Structure formats: structure tokens, C-alpha cells
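Residue numbers (the numbering used here): 231 to 371.
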Amino acid sequence: MLVVTGCAVPTGPPAGPVGMAPAEARASVERLLPSTLKDRAGWAADIHMALVTLALPATAENLCAVMAVTEQESGYRADPEVPNLPKIARDEIDRRADAIGIPSLAVRAALALRSGDGRSYAERLDAVRTERELSELYEDF
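As C-alpha cells, this is what we get:
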């Protein structure tokens, strides 16, 4: 019996902070979101789900940190424009191709191919403004 009792005694450092219940966390986020934001309930649910997915407790500190980063990075736009995204994407394509020995001529030739909408992949790449658009282009390619 002593062995079983010993297994039930916690060892190691004390447990981390305990988060709010899901409904309380979503309600807290919804109260803190900008009043002009559309779909506040949706944003609150998504922010809470992000913490759950990352196994982080829904503490006031964690909720505020997520909300601050979201405000800074996207202004609470679900698909924000990314400045210089075509250049960023091309630089990354070139870097990865170079890392595995693919000549830039071959990369340019592949991007010159016509895509399903009639434009070349290079033309479509030059036109992307959001990560969603870039992801759709990648999936099509």
C-alpha cells in the first residue's frame, strides 16, 4: 500500500498556472477585443483554440500576449496583406533551389509555365499579396 500511496504524491516542480475555463476564457477575450471588430465571438473562439492546441493555459497573461501579437501582426484581419511578399517568396524559392543544386534557369523555366488560369506561375507569384494567395498558388503548382 505504501508504494501505491507514493505514486500518488506529486514529485518535481509545482504545476504551472491554471487557466480559465473555456467559456470564461472566450468571454474574457471577447470583452478585450476592439469593439469595432467584426465577428468578435469567432476571434475569441480562435484565440482560445490556439492556446488549447499549444497546450497553454488560458491565463490573462497568455490571452493578452496572443491578442497583442495578433493586433501587431494582422490588425485582426484574417488574411492580411504582407508587404513585399512576391520578393520574399522568390528569394525563398531561389534559396531552396540553390541549396539542392537546382539551377536558377530551371527555376525560371518552371515559373514560366502557364497555370490553370492562363497566367504564368511567375505572373501569379508577382501578384500575390497575402499568405492565403501564396498558399493557393503553391497548391496549384
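The C-beta atom is built at its ideal place from N, Cα and C for all residues, glycine as well. In this text the structure is predicted, and so the values were computed from the model without any measurement.
Item	Value
I need the DSSP call for residue 345, collapsed to helix, strand or coil.	coil
What residues in its chain sit with their C-beta under 6 Å from that of residue 341, if we drop five residues either side in the sequence?	351, 352
Using a Cβ-Cβ cutoff of less than 6 Å, which residues in the same chain neighbour residue 309 once the five nearest sequence positions on both sides are dropped?	360, 362
Counting along the chain, where does the alpha helix (DSSP H) carrying residue 368 start and finish?	361-370
Could you give the first and the last residue of the continuous alpha helix (DSSP H) run that contains residue 272?	270-283
Would a C-beta distance cut-off of 8 Å place residue 277 and residue 259 closer than the cut-off?	yes
Do residue 316 and residue 356 have their CB atoms nearer than 8 Å?	yes
Taking the alpha helix (DSSP H) that residue 351 falls in, what are its first and last residues?	351-357
Exposed or buried, residue 243, counting other C-beta atoms within 10 Å across all chains shown (16 or more means buried)?	Because residue 243 carries a pLDDT of 48, less than 50, the predicted location of this residue cannot be relied on, and the following value inherits that uncertainty. Exposed is the call here.
Counting pairs of Cβ atoms below 8 Å between the region 324-338 and the region 362-371, do you hit three or more?	no
Compute the Euclidean distance between the alpha carbons of residue 262 and residue 347, then round it to the nearest angstrom.	43 Å
Specify the secondary structure class of residue 231 as computed by DSSP and reduced to three states.	In this predicted model, residue 231 has a pLDDT of only 42, less than 50, meaning its place in the structure is not dependable; the value taken from the coordinates is given anyway. Note: residue 231 maps to coil in three-state DSSP.
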